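In the working numbering, the protein residues as written are 463 to 840.
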Amino acid sequence: MKKIIPLIILLFLSVVTYATDLTENFITGTPKIKAMSQLTFGPQGILFIGDSKSSQLFAVATNDLEKPAGEIKIGMRDLEGKIAALLGAKKEDVLVHDIVVNPISKNVYLAVSRGRTKGDSFWKLPNDLDDATILLRLKNGKDFEEVSLKNVKYSKIAIPNPVDKEKKNWRGKLRSDVITDLAYANGTVYVAGLSNEEFASSFRKVPFPFKGKVTSSTLEIYHGAHGKYETKSPIRAFVPYKLKGKDYILAAYLCTPLVTIPEEKLKNGKHVRGKTIAELGMGNMPLDMVVYTKDGKDYILMANTTRNVMKFAIDDIANTKVNITTRTKVRNGAEGVKYVSFPRLVQQLAKFDEKNVLMVTRFPNGSLTMMTMGTKWF
463 MKKIIPLIIL
473 LFLSVVTYAT
483 DLTENFITGT
493 PKIKAMSQLT
503 FGPQGILFIG
513 DSKSSQLFAV
523 ATNDLEKPAG
533 EIKIGMRDLE
543 GKIAALLGAK
553 KEDVLVHDIV
563 VNPISKNVYL
573 AVSRGRTKGD
583 SFWKLPNDLD
593 DATILLRLKN
603 GKDFEEVSLK
613 NVKYSKIAIP
623 NPVDKEKKNW
633 RGKLRSDVIT
643 DLAYANGTVY
653 VAGLSNEEFA
663 SSFRKVPFPF
673 KGKVTSSTLE
683 IYHGAHGKYE
693 TKSPIRAFVP
703 YKLKGKDYIL
713 AAYLCTPLVT
723 IPEEKLKNGK
733 HVRGKTIAEL
743 GMGNMPLDMV
753 VYTKDGKDYI
763 LMANTTRNVM
773 KFAIDDIANT
783 KVNITTRTKV
793 RNGAEGVKYV
803 SFPRLVQQLA
813 KFDEKNVLMV
823 TRFPNGSLTM
833 MTMGTKWF
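(1) Is the distance from the Cβ of Val799 to the Cβ of Ile779 below 7 angstroms?
(2) Between Asn589 and Asn623, which are expected to be in contact by the criterion C-beta below 8 angstroms, what is the C-beta distance as a whole number of angstroms?
(3) Excluding sequence positions up to five away, which residues of its chain have a Cβ less than 7 angstroms from the Cβ of Lys690?
(4) From Lys601 to Arg769, what distance separates their C-alpha atoms?
(5) Between the C-alpha atoms of Met764 and Lys612, what's the straight-line distance to the nearest angstrom?
(6) Can you tell which of Lys756, Met832, Val822 and Gly828 has its C-alpha closest to the C-alpha of Lys838?
(7) Residue ranges of each alpha helix (DSSP H) run of no fewer than 4 residues wholly in the segment 536 to 604, ordered along the chain?
(8) Helix, strand or coil, according to DSSP, for Asp760 in the structure here?
(9) Report buried or exposed for Gly512, applying the criterion of at least 16 other Cβ atoms within 10 angstroms of its Cβ.
(10) Measure from the alpha carbon of Lys496 to the alpha carbon of each residue in Ser575, Glu725 and Val734, then state which is nearest.
(11) DSSP three-state call for Asp526: helix, strand or coil?
(12) Buried or exposed: where does Lys544 fall if 16 or more other Cβ atoms within 10 Å of its Cβ makes it buried?
(13) Less than 7 angstroms separating the beta-carbons of Val640 and Gly655?
(14) Please confirm whether Ala573 and Asp560 have their CB atoms less than 7 angstroms apart.
(15) How many angstroms separate the CA atom of Leu716 from the CA atom of Ala481?
(16) For the alpha helix (DSSP H) holding Asn781, just list the boundary residues, first then last.
(17) Could you check whether Thr787 and His733 sit closer than 7 angstroms to each other, using their CB atoms as the reference points?
(18) Is it the case that the Cβ atoms of Lys535 and Thr831 are separated by a distance below 7 angstroms?
(19) At the level of alpha carbons, what is the spacing between Ile776 and Leu597?
(20) So, at 8 angstroms on beta carbons, what are the nonlocal neighbours of Ile619 in its own chain, with the 5 sequence-adjacent residues on each side left out?
(21) Could you tell me which of Ser617, Gly634 and Glu726 sits nearest to Phe584, measuring between CA atoms?
(22) Would you give the residue range spanned by the beta strand (DSSP E) that Gly491 belongs to?
(23) Could you pull out every unbroken beta strand (DSSP E) segment of at least 3 residues lying fully inside the segment 601 to 626, listed in chain order?
(24) With Leu811 and Leu749 assumed to form a contact (beta carbons below 8 angstroms), what rounded beta-carbon distance in angstroms separates them?
(25) Quick test of your reading: Val714 and Arg698, contact by CB under 8 angstroms. State the CB separation rounded to the nearest angstrom.
(26) So the beta strand (DSSP E) Phe661 belongs to, where does it begin and stop?
(27) Return the CA-CA distance between Asn794 and Pro719, expressed in angstroms with no decimal places.
(28) Select from Ile739, Phe814 and Phe825 the residue whose C-alpha is nearest the C-alpha of Asn785.
(29) Quick one: what's Val753 bridged to in DSSP?
(30) Return helix, strand or coil for Arg793, following the three-state DSSP convention.
(31) Tell me whether Arg633 sits in a helix, a strand or coil according to DSSP, three-state version.
(32) Use the C-beta contact count for Met463: other C-beta atoms within 10 angstroms, 16 or more gives buried, fewer gives exposed.
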């Protein structure tokens, strides 16, 4: 039997409490979410849902504030089969669009659709195939439940000037790229995607709680494999990070330029040029980026569609003199900041805790597996 649970749950003694309630001005109701394009968590168990289809950013109070009783490890084989059984769907239809870990409870949230059979090209990501309208939660690393968004506390804000619903390129309609990645840091939700500007690649900064104006900048980068500056392709994956005392956005694009963008330059209405510090190979789309610490040093792991998982040392990124402004010598080769390659067919990647990452991996036998893996192995 399919089990649907409300987001208003009983809280126990291990619940985290806060001096300032960031949900104080939320309303209670059912958010009209058309597509769960991207997910990320903020503080106080607040789940941010980026909806490209309606061009809105939602903040939902999950009330999922109970710390786990002990260490959680996840090793779930046949992920699609288990989700299909819960939803009463066919296994071959199940499509996982995004995953995110609640940093308090360590419960895993998944945006899911039934659109996998629509796939007809390795250039298309899940959001190009279907709209994720199902939110699932894996509790304690063991049991799936469908999360109801009826009568929840939430807030929303419009993402201004989204790319037109009818605009297309060689991959198809562009509307699914209004929001291509999300991150929360220091009271701001960062939103990458496409706008309706002439320079379509955009980056938004949304103050949270939602009460201030959305800051929108357009972006330009040099793509060494293409041998030109580009403004139409959106960031595919990014993380905010401080380099030598200054805030930056570390971002990766289609066909895999790796770029640094000074956060202070991302002001409303400004056009910003990023610095290309690496070219990592054509025919690839970055999927997720995660920062972790090992032996006192920070690293980034990046999952890709047609490349292995890549590991970058933050020190190498911070200290590099590379600034690619001419065509790369080998179109499918790598230039610039060095990386270590890990042979994993990873489709989703998220930080689980200080010692582990969470991966959704396609095994050689075709099975989709969700598992935690210690960062000591990277």
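Don't be surprised by glycine CBs; every beta carbon is placed ideally from N, CA and C.
Note that the structure is predicted; figures quoted are calculated from it, not measured.
According to the structure data:
(1) Yes.
(2) With 8 angstroms as the limit, Asn589 and Asn623 do not qualify as a contact, their Cβ atoms being about 19 angstroms apart.
(3) Result list for Lys690: empty, nothing under 7 angstroms.
(4) Near 31 angstroms, if we compare the C-alpha coordinates of Arg769 and Lys601.
(5) If I take the Cα positions, the gap works out to 35 angstroms.
(6) Ranking Lys756, Met832, Val822 and Gly828 by Cα distance to Lys838 puts Lys756 first.
(7) Whole alpha helix (DSSP H) segments, 4+ residues: 541 to 549 and 588 to 591.
(8) In the structure shown, the three-state DSSP call for Asp760 is strand.
(9) Result: buried.
(10) Residue Ser575 is the option with its Cα nearest to Lys496.
(11) Asp526: coil per DSSP, three-state reduction.
(12) By the 10 Å Cβ count, Lys544 comes out buried.
(13) Annotated as proximal: Val640 and Gly655, with beta-carbon spacing under 7 angstroms.
(14) Yes, the pair counts as a contact, with Cβ atoms nearer than the cut-off.
(15) Here the C-alpha atom of Leu716 lies approximately 42 angstroms from the C-alpha atom of Ala481.
(16) Looking at the DSSP string, the run of the alpha helix (DSSP H) that includes Asn781 is Ile776 to Asn781.
(17) Going by C-beta atoms, His733 is not nearer than 7 angstroms to Thr787.
(18) Not a contact, by the Cβ cut-off of 7 angstroms.
(19) If you draw a straight line from the Cα of Ile776 to the Cα of Leu597, it is about 33 angstroms long.
(20) Excluding positions up to five away in sequence, the list reads Gln518, Leu519, Val668, Phe672 and Val676.
(21) Checked all of Ser617, Gly634 and Glu726; the closest Cα to Phe584 is Gly634.
(22) From DSSP, the beta strand (DSSP E) with Gly491 extends over Ile489 to Gly491.
(23) Listed in chain order, the beta strand (DSSP E) elements of length 3 or more contained wholly in the segment 601 to 626 are 605 to 609 and 614 to 620.
(24) Separation of the CB atoms of Leu811 and Leu749 is rounded to 7 angstroms, and the pair is thereby assigned contact status at 8 angstroms.
(25) The sequence shown places Ala at residue 714, rather than the Val named in the question. Contact between Ala714 and Arg698 holds: CB atoms are separated by about 6 angstroms, below the 8 angstroms threshold.
(26) Neither: Phe661 is in no beta strand (DSSP E) and is coded neither H nor E.
(27) Their Cα atoms are separated by approximately 12 angstroms.
(28) By alpha-carbon distance to Asn785, the top candidate from Ile739, Phe814 and Phe825 is Ile739.
(29) For Val753, the beta-bridge partners assigned by DSSP are Ile762.
(30) Here Arg793 sits in coil by DSSP.
(31) Arg633: coil per DSSP, three-state reduction.
(32) Legend: pLDDT at Met463 = 41, less than 50; position of this residue unreliable, value from coordinates given subsequently. With fewer than 16 other Cβ atoms within 10 Å, it is exposed.
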